[in-house]
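Sequential numbering from 1 applies to the sequence shown in the working numbering. Heads up, the beta-carbon is just placed ideally off N, CA and C, and yes, glycines get one too. Below: the structure, in structure tokens.
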Amino acid sequence: MGLEFYDLSHPWGLGQPCWPYFEDVKIERLHTMARSGVLTQRITTVMHSGTHIDAPAHVVEGTPFMDEVPLPYFFGTGVVVSIPKGRWEVITAEDLERASPQIREGDIVIVNTGWHKHYGDNRQYYAYSPGFYKEAGEWFAKKKVKMIGTDTQALDHPLGTAIGPHGPGWPNGLLPQVNQEYERETGRKVIEDFPEWEPCHQAILQAGICGIENVGGDIDKVTGQRVTFAAFPWRWTNGDGCIVRLVAIVDKRGGYRIERGEG
1 MGLEFYDLSH
11 PWGLGQPCWP
21 YFEDVKIERL
31 HTMARSGVLT
41 QRITTVMHSG
51 THIDAPAHVV
61 EGTPFMDEVP
71 LPYFFGTGVV
81 VSIPKGRWEV
91 ITAEDLERAS
101 PQIREGDIVI
111 VNTGWHKHYG
121 DNRQYYAYSP
131 GFYKEAGEWF
141 AKKKVKMIGT
151 DTQALDHPLG
161 TAIGPHGPGW
171 PNGLLPQVNQ
181 EYERETGRKV
191 IEDFPEWEPC
201 HQAILQAGIC
211 GIENVGGDID
221 KVTGQRVTFA
231 AFPWRWTNGD
241 GCIVRLVAIV
251 DKRGGYRIER
261 GEG
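Printed below as a string of structure tokens:
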């Protein structure tokens, strides 16, 4: 076809890295080839596992569930931008304004901070990552992008999630020693620097912009490029999110066309 496909999803399976308060993924073989001549497996998992997409209803009451988000939202033109960030750094609106290729209204936007290289069952990835916060979320909403994604643990900075002293993590955070470490290093309390709980989630999902977490795979191969994305979730009634295979598509010949649908 002349098309190039790049998988921007992390591998998924047994031993799957999990967010700090999620149960482990369980995969059972109900039938095996030796016993039954067929392989059948049962999976027990939260849908917010590995590379996955958040529906607006995941965080904002009265907004669309996964099956209610229109299909065009999961397909379209967009960019993969490089915004390198280190431990606990925040991605700002200025970072997004300066990103290349330029982020346009209607784009699907994937941000490569470099943190996908740490992906695994470790605190480096989950507790010390950089991330979006309120300013970035409001910038995305104002820009009217179609969808966003990040190669970090969540759509919000880890200290703006329940890892910090917010929501289910109140008052000390799910990882209290991490919060204490931040306070020792900065001389400030986490709640002073990150006073709101998941404000990027709130800003984008309230605006109907879905978000993909834990982007990885071939992300470096398409960073700095304008591409076509496909990331379709299950048609899950009242779904709050879904494991997804995020694919970037490039046509270097420029000759590919979608069929007209004629007989």
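Per the C-alpha coordinates, the member of Asn112, Val227, Glu262 and Leu159 positioned closest to Glu196 is Leu159. If the five residues before and after Cys200 are omitted, its C-beta is found closer than 7 Å to the C-beta atoms of Phe132, Tyr133, Lys134, Ala136, Gly137, Leu155 and Asp156, all from its own chain and listed in chain order. Rounded to whole angstroms, the gap between the alpha carbons of Gly173 and Ala34 is 47 Å. Secondary structure of Met47 (DSSP, three-state): coil. Spanning the alpha carbons of Arg235 and Tyr128 requires a straight line of approximately 34 Å.
Under the DSSP assignment, Cys210 falls outside any alpha helix (DSSP H), being part of the beta strand (DSSP E) whose first and last residues are Cys210 to Glu213. Residue state for Gly239 is assigned as coil, using DSSP reduced to three classes. Ile148 carries a strand assignment under DSSP once its states are collapsed to helix, strand and coil. In its chain, beyond the 5 residues on either side, Met47, His48, His52, Ile53, Asp54, Ala55, His58 and Met66 have a beta carbon closer than 7 Å to the beta carbon of Gly241. Apart from the 5 residues on each side of it in sequence, Gly216 sits with its Cβ closer than 8 Å to the Cβ of Leu8, Ser9, His10, Thr51, His116, Tyr119 and Asp151 in its chain, given in chain order. Within the same chain, and ignoring the five residues on either side of Arg226 in sequence, the residues whose Cβ sits closer than 6 Å to its Cβ are Val79 and Pro101. Residue state for Ala136 is assigned as helix, using DSSP reduced to three classes. Around the beta-carbon of His166, 16 or more other beta-carbon atoms lie within 10 Å, marking it buried.
Per DSSP, the continuous alpha helix (DSSP H) segment holding Gln124 begins and ends at Arg123 to Ala127.
Straight-line measurement puts the Cα of Pro70 at about 31 Å from the Cα of Tyr126.
Rounded to whole angstroms, the separation of the alpha carbons of Glu23 and Ile148 is 26 Å. Selection Pro20, Phe194 and Asn238 evaluated against Asn122 yields Pro20 as nearest (Cα-Cα). When DSSP states are grouped into helix, strand and coil, Asp67 belongs to the helix group. If you check the CB distance, Phe140 and Ile204 come in under 8 Å.
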